[in-house]
Amino acid sequence: MKDVFFELVDSLRAFLETVGQMTRFFGQLLLLTPRTLLRGGLLLEQIDNTGARSLVIIMTCGLFVGMVLGLQGYDLLQRFGSEESLGMAAALGLLKELGPVVTALLFAGRAGTALASELGLMRATDQLAAMDIMAVDPMRRVVVPRFLGGVITMPLLTGIFIAIGLFGVQLVGVEFLGVDKGSFWSQMRGTVELGDVWEGLIKGSVFGVACSLIAVYEGYNAIPTAEGVGRATTRTVVISAVVTLILDYILTAFML
Amino acid sequence: MNTQTGPDAGAQPARACDADIAVLRDVHYAADSGKTVFRGLDIAIARGAVTAIMGPSGTGKTTLLRLITGQILADRGEVIVNGKNLATLTRKEIYALRRRMGMLFQNGALLTDLDVFENVAFPLREHTRLPERLIRTIVLTKLHAVGLRGAARLSPQELSGGMARRVALARAIALDPDLLIYDEPFAGLDPISMGVVMRLIRSLNDALGITSIVVTHDVREISQIADASYILSEGEVVASGTPGQLKEHPSPVVHQFMDGLADGPVEFHYPASDYHEELLNGQGR
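First to last, the sequence lines map onto chains A and B. To convert, note that position 76 of the first sequence is 75 in numbering that gives the first Met the number 0; the numbers rise steadily by one, no gaps. To convert, note that position 64 of the second sequence is 63 in numbering that gives the first Met the number 0; the numbers rise steadily by one, no gaps.
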């Protein structure tokens, strides 16, 4: 019993230490951000790396999530005879929940793992140490542009996911299942407010900061071995997923 | 302790040194794990010379380089580089000092997302605002010096181990440093590449008028080009002098190291309990 207690205390202490280190790391990133913003080339490279290269997976998944939403939504709503509300229900679902959350999970799986493993490998092959010896701060040159690339692209990817998702809902609901096109769009336009759009984008942005921070932190602090890099990559996905869902609850509670 | 320099068989004649570029005085250092790495280390690196730091594996040779480059700080004692005590410098001042240093990592540590040309151009682009044409000229000059001008557009993945090290060397000299540090430059190289790297260390040192520190345990190779050598063991300098002087050194550790003997003061076996007892009575692991 005593051992379990001490183990719990140790785990709690390790958790708090990690949170403290990550907060400090986040502070360093923010301090270095203004200078990195001046180096547009580095930033564009990372927007391409984290954003453009995630487009295919985001668009494909967005389309299928939208199509499934169309099928499920139609099945549910027709039981109440209100299948015309499909557009409104799907739009709210995508904007407020599915869009930002699924995009964040996909982002962690595609871009987050790529960032963590790249930084981890750079650590393991002494590339970060070499930069440091060349009097080039690796945080400023390598980490901050990658972090900012993720922060900028996540809300954009969220927007694209939602737009493609709505197309998927429309495809299944209107084109395949015969929901009235006019009702589909007019109910959506009548119900969805600008605040709902903002909710989606704010969530996307917050998840973007969280997932990018976790990825660069885990990669930069990876143990410089094959096992260490693998562990950093796994931790990136697991922690990003858990943190995204916890943040989602907190944000939803505040925004409702 | 002052470095003794002097002529040696096969080595270039040592030059008179006006001052030491790096001095370590009574340096104590323990790793994060608590293991003592140095206990009272005294080393002086003569300006303009090729100085070899040798010693059995695990004696802290790489740690010594990290102390000289300011990546870590000594627990006690002084590390003075270019007349500046590293412990008193801010991060910005240490970075300013590092701009005058170049370091060659064991694996080259080339940036894998850049090609050979861009790797050599990297320090120039980061630290200067030179026009593109001048950067191109400097990069090609440095690559020519290491014999790899023709490989400028290859990616690091296309290079052999020896070529990668030569590109890293071109990058290390891109900003014309005063001090060039080599961490195990001969490890894993074939005899031809080894000869090339060896010749480059000596010729760059003389042609550019710089100081070189070479951490290695390739005794035979380094003996041909070093002006002075230090042998470290158990956290201290056990011998110093020209490679020729070290060969005649009375210390058994130096004798074992210079002659490459498997057993001696540095034991073949890692400390363990009695062999027979462990085999007969051992339960599981």
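We put the beta carbon where it would ideally sit given N, CA and C, even for glycine.
{"query": "C-beta neighbour in chain B for A:T124, strict 8 Å", "result": "yes"}
{"query": "Reduced DSSP secondary structure (H/G/I, E/B, other) of B:Y269", "result": "coil"}
{"query": "Ordered list of alpha helix (DSSP H) runs contained in the segment 129-204 of chain B, each at least 4 residues", "result": "131-144 and 160-171"}
{"query": "Close beta carbons around A:M66, own chain, < 8 Å, minus the five adjacent residues each side", "result": "G167, V168, L170 and V171"}
{"query": "Touch test, the segment 101-120 of chain A against the segment 52-65 of chain A, Cβ-Cβ under 8 Å, three pairs minimum", "result": "yes"}
{"query": "Limits of the unbroken alpha helix (DSSP H) element including A:A175", "result": "Here residue 175 of chain A turns out to be Phe, not Ala, going by the sequence shown. Unbroken run through A:F175: none, as it is neither H nor E."}
{"query": "In chain order, each beta strand (DSSP E) run of at least 3 residues that lies wholly inside the segment 198-254 of chain A", "result": "none"}
{"query": "Whether A:A88 touches A:G72 by CB criterion (8 Å)", "result": "yes"}
{"query": "Alpha carbon of B:Q105 to alpha carbon of B:D31, nearest angstrom", "result": "23 Å"}
{"query": "Cβ contact (3+ pairs, closer than 8 Å) linking the segment 156-166 of chain A and the segment 184-203 of chain A", "result": "yes"}
{"query": "Of the residues B:S211, B:E235 and B:I191, the one placed nearest B:I224, counting alpha carbons only", "result": "B:S211"}
{"query": "Beta-bridge partners of A:K95, as assigned by DSSP", "result": "DSSP lists no partner for A:K95."}
{"query": "Neighbour-count burial assignment, A:N48, 16 or more Cβ in a 10 Å radius", "result": "buried"}
{"query": "Interface flag, B:A10 vs chain A, CB-CB below 8 Å", "result": "Only weak support is given to the placement of B:A10: the predicted model assigns it a pLDDT of 34, under 50, and the question is left unresolved by the model."}
{"query": "Segment limits, alpha helix (DSSP H) that includes B:I67", "result": "K60 to I67"}
{"query": "Beta-carbon proximity of B:V80 to B:I67, cut-off 8 Å", "result": "yes"}
{"query": "Contacting residues, own chain, Cβ-Cβ under 6 Å from A:L127 (five flanking each side not counted)", "result": "M121 and P137"}
{"query": "B:E141 burial status per 10 Å Cβ neighbour count (16 or more: buried)", "result": "It is worth fixing the name first, because residue 141 of chain B is Lys in this sequence and not Glu. So B:K141 counts as buried."}
{"query": "Residue-chain proximity (A:M254, chain B), Cβ-Cβ < 8 Å", "result": "no"}
{"query": "Among B:Y94, B:S272, B:R124 and B:V138, the one whose alpha carbon lies nearest that of A:R38", "result": "B:R124"}
{"query": "Cβ of B:M102 within 8 Å of any chain A Cβ", "result": "yes"}
{"query": "Within-8 Å CB hit, A:M138 to chain B", "result": "no"}
{"query": "Local conformation of A:V191 per DSSP, three classes", "result": "coil"}
{"query": "Chain A contact for B:G108 (CB, 8 Å cutoff)", "result": "Note that residue 108 of chain B is Ala in the sequence shown here, rather than Gly. Yes, B:A108 lies at the interface with chain A (some Cβ there is under 8 Å from its Cβ)."}
{"query": "Option in A:L41, A:E82 and A:A209 with minimal Cα separation from A:F106", "result": "A:A209"}
{"query": "8 Å Cβ shell around A:L54 - same chain, five flanking residues per side excluded", "result": "L156 and I159"}
{"query": "8 Å Cβ cutoff, A:D151 in contact with chain B", "result": "It is Ile, not Asp, that sits at residue 151 of chain A in the sequence shown. Cβ-Cβ to chain B under 8 Å: no for A:I151."}
{"query": "Residue-chain proximity (A:M133, chain B), Cβ-Cβ < 8 Å", "result": "yes"}
{"query": "Contacts of B:Y28 in chain A (Cβ-Cβ under 9 Å)", "result": "The contacting residues do not exist; B:Y28 stays about 18 Å from chain A at best."}
{"query": "Simplified DSSP assignment, three categories, for B:R75", "result": "strand"}
{"query": "Counted within 10 angstroms of its Cβ, other Cβ atoms place A:D125 as buried (16 or more) or exposed", "result": "buried"}
{"query": "Listed by chain order, chain B residues near A:A129 by CB distance under 7 Å", "result": "F104 and A108"}
{"query": "Listed by chain order, chain A residues near B:Q70 by CB distance under 8 Å", "result": "A128, D131 and I132"}
{"query": "Residues that B:E125 contacts on chain A, provided the C-beta gap is smaller than 9 Å", "result": "M130, M133, A134, V135 and R140"}
{"query": "B:P122 at chain A interface by Cβ criterion, 8 Å", "result": "yes"}
{"query": "Buried/exposed call for B:D25, threshold 16 Cβ in 10 Å", "result": "exposed"}
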